[in-house]
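Below is one structure, written out as structure tokens, with a few remarks after it.
Protein chains: 2
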Amino acid sequence: MCELLGMECNVPTDIVFSFTGLRRRGGGTAHHADGWGLALYEGKRARTFLDPEPAAKSPLAAFVAANPIKTLLAIGHIRKKTRGPTSLANTHPFTRELWGRDWVFAHNGTVRGARSLALGRYVPIGTTDSEHAFCHLLEGLRASFPKGAPDAATLSEAVAELGGTIGKKGTFNFLLGDGQRLYARCATKLCHIIRRAPFGQARLADEDVTIDFAPVTTTRDRVAVVSTVPLTTNETWQIGEPNTMWVFDRGRLAQTHAS
Amino acid sequence: MCELLGMECNVPTDIVFSFTGLRRRGGGTAHHADGWGLALYEGKRARTFLDPEPAAKSPLAAFVAANPIKTLLAIGHIRKKTRGPTSLANTHPFTRELWGRDWVFAHNGTVRGARSLALGRYVPIGTTDSEHAFCHLLEGLRASFPKGAPDAATLSEAVAELGGTIGKKGTFNFLLGDGQRLYARCATKLCHIIRRAPFGQARLADEDVTIDFAPVTTTRDRVAVVSTVPLTTNETWQIGEPNTMWVFDRGRLAQTHAS
Chain H
1091 MCELLGMECN VPTDIVFSFT GLRRRGGGTA HHADGWGLAL YEGKRARTFL DPEPAAKSPL
1151 AAFVAANPIK TLLAIGHIRK KTRGPTSLAN THPFTRELWG RDWVFAHNGT VRGARSLALG
1211 RYVPIGTTDS EHAFCHLLEG LRASFPKGAP DAATLSEAVA ELGGTIGKKG TFNFLLGDGQ
1271 RLYARCATKL CHIIRRAPFG QARLADEDVT IDFAPVTTTR DRVAVVSTVP LTTNETWQIG
1331 EPNTMWVFDR GRLAQTHAS
Chain D
1091 MCELLGMECN VPTDIVFSFT GLRRRGGGTA HHADGWGLAL YEGKRARTFL DPEPAAKSPL
1151 AAFVAANPIK TLLAIGHIRK KTRGPTSLAN THPFTRELWG RDWVFAHNGT VRGARSLALG
1211 RYVPIGTTDS EHAFCHLLEG LRASFPKGAP DAATLSEAVA ELGGTIGKKG TFNFLLGDGQ
1271 RLYARCATKL CHIIRRAPFG QARLADEDVT IDFAPVTTTR DRVAVVSTVP LTTNETWQIG
1331 EPNTMWVFDR GRLAQTHAS
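This is how it looks when you write it as structure tokens:
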């Protein structure tokens, strides 16, 4: 199993605290030692740090942790491979452009017979079921709205529907971002927390690290964090219902779809 | 003006020496202080380091220089903006997937009226003439070969032809990679060198750095380096003829096209 990490906020926020927890689980406290990736949006484009090496030992992961980059939307992943060898081409998250913005995708689980999913404009570069499913999903969106992106509600409904259809073929927990919103589908295992005022302390489950958010936030800040498992031990995480999809927008849970 | 750096080899090679020279020119010895980027292929996928900050002062550039990643094909760029503000979305190189592989593009010069170039499946994320021209060029390739990539000679001829047509609208020096070959078009200013046995010393023009390649190479190694200006002072660089395009393949100059 892989682990997912997403963050979506209303003010630029660095993901170092959560990434520190996730990173330790990449070959450290857990067995997710087949590479990691982290995409950080700046407007419509995402910059993505990718490393086929275990996150716990990766110099690039150490750099990312030591040099916080603030963002409104981030998607991270650490991999325990189930399909496809360890290589850069098979390292999540995956990125494709649609409607003049980067779409970023990371998956936890296995989609059986993913190769039978029809492709169109987007062709997988690697050999994972995940990237194939992502290409199929994006092509589904493109084909459904050939004139461009529809309104937010229509779009998230379409993502949920496509996600649910693909999800029938296996375990399809995913995080998908478009630079504006974070779509987070729970097939089996996903949780989230929304941090907002009054901000307090949070203690990482996998590392002896505690952070006090109060001095670095304002009363208007809202930060949604989504993860495969709760990353902290002293906060209450919302556990996802199987076959639902959350949509986060400016640090709020904007919608919950059956999916 | 921006500056381009490309490397294409027959054995995995790190680009740190050349990148060190280029980096100093990014806000150091020259005035190219509007961001930088470096794409390093591993097979069909490229990982790209992007920073809208000056390369000479960028912690990420320092990380890349200190942690060499070997590659067969790299494309780098430092930017002095002419069109479009400084932002991640406007930072070269740009990447899009075609035929199941990443294509990476960096441009030096200005394409006048780039927005009049027809688009198809690839839509610019930022506001540069460069990314618009890249999207137009890739769509031209896709439309010319709807069934997939043609043979190498046909493909490079098509790239040269599309490059030449766009080049009529302004100054279109570019580097384009597909993970197999490096296409390097000279409109006004581009040079290259092919390092091979017997390897000797090279001395950077912009930094007091000399490297001896002999201990770190074998007699079969071939490394082609392409740059806007010669990066070393004690080697003979081949100066490009305006309106030609070089194609490098496994460290050899495979073809030279009128373009």
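Chains as they are written, first to last, in the working numbering: chain H, 1091 to 1349; chain D, 1091 to 1349. The beta-carbon is built from N, C-alpha and C at its ideal position, and this holds for glycine as well.
- Judged by DSSP secondary structure, H:Pro1102 falls within the beta strand (DSSP E) whose first and last residues are Glu1093 to Thr1103.
- The three-state secondary structure of H:Glu1297, taken from DSSP, is coil.
- Counting only the Cα atoms, D:His1167 lies some 37 Å from H:Ala1208.
- Closest in alpha carbon position to H:Leu1280, among H:Gly1216, H:Met1335, H:Arg1293 and H:Arg1310, is H:Met1335.
- With a cutoff of 7 Å on beta-carbon distance, D:Arg1169 and D:Cys1092 are scored as near each other.
- The C-beta distance from H:His1282 to H:Gln1345 rounds to 13 Å, too long to fall under 8 Å, and the pair is not in contact.
- Taking a contact as a CB-CB distance under 8 Å, the pair D:Asp1296 and D:Gly1111 counts as one, their CB atoms being some 5 Å apart.
- Cβ-Cβ distances below 6 Å link D:His1347 to Ala1250 and Met1335 in the same chain, with the five nearest sequence neighbours on each side left out; the list follows chain order.
- Shown here, D:His1347 sits in a strand according to DSSP, grouped into three states.
- In this structure, H:Thr1255 lies away from H:Gly1199, with their beta-carbon atoms at least 7 Å apart.
- Per DSSP, reduced to three states, the secondary structure at D:Ser1317 is strand.
- Proximity to H:Gly1253 across H:Leu1245, H:Gly1267, H:Leu1227 and H:Ile1215 peaks at H:Leu1227, based on C-alpha coordinates.
- Rounded to the nearest whole angstrom, the CA to CA distance from H:Asp1141 to D:Glu1143 is 23 Å.
- Among the residues facing chain D, H:Ala1179 is included, as its CB has a counterpart in that chain under 7 Å away.
- Restricting attention to H:Tyr1212, H:Glu1325 and H:Trp1193, the CA atom closest to the CA of H:Arg1286 is found in H:Glu1325.
- Within chain H, the residues placing a beta-carbon under 7 Å from that of D:Lys1134 are Ala1179 and Ile1215, ordered along the chain.
- Interface annotation for the stretch 1152 to 1170 of chain H against chain D: Phe1153 and Asn1157, criterion Cβ-Cβ distance under 7 Å.
- Contact annotation, H:Gly1269 with D:Ser1177: C-beta distance approximately 13 Å; criterion of less than 8 Å not satisfied.
- Going by C-alpha positions, D:His1197 is about 12 Å away from D:Thr1278.
- Taking C-alpha positions only, H:Cys1225 is separated from H:Arg1114 by approximately 30 Å.
- Contact between D:Ile1284 and D:Gly1341 holds, with the beta-carbon distance rounding to 7 Å and staying under 8 Å.
- The closest CA to that of D:Glu1247, considering only D:Thr1218, D:Val1337, D:Arg1135 and D:Pro1288, is found on D:Val1337.
- About 5 Å separates the beta carbons of H:Leu1095 and H:Ser1317, which is inside the 8 Å limit, making them a contact pair.
- When the alpha-carbon of D:Ala1151 is set against those of D:Arg1135, D:Ala1136, D:Ala1129 and D:Thr1161, the nearest one is in D:Ala1129.
- Under the 7 Å criterion on CB atoms, D:Pro1236 is classed as non-interfacial with respect to chain H.
- In the assembly as shown, D:Val1306 is an exposed residue. Its beta-carbon has fewer than 16 other beta-carbons within 10 Å.
- The Cβ-Cβ distance between H:Phe1195 and H:Leu1266 falls below 7 Å.
- For H:Glu1187, the C-beta contacts it makes with chain D under 8 Å involve Arg1186, Tyr1212, Val1213 and Ile1215, in order along the chain.
- Counting only Cβ-Cβ distances below 7 Å, H:Gly1190 has contacts in chain D at Val1213, Pro1214 and Ile1215, in chain order.
- For H:Arg1271, no Cβ of chain D is located within less than 7 Å of the residue's own Cβ.
- The Cβ-Cβ distance between H:Val1313 and H:Thr1103 falls below 7 Å.
- Rounded to whole angstroms, the gap between the alpha carbons of D:Gly1216 and D:Pro1332 is 28 Å.
- In the DSSP assignment, D:Thr1110 falls within the unbroken alpha helix (DSSP H) covering Val1106 to Arg1115.
- D:Arg1191 and H:Ala1179 have their C-alpha atoms roughly 9 Å apart.
- Counting along the chain, D:His1282 sits inside no alpha helix (DSSP H); it lies in the beta strand (DSSP E) bounded by residues Cys1281 to Arg1286.
- Burial check for H:Pro1183: the Cβ neighbour count within 10 Å reaches 16 or more, so the residue is buried.
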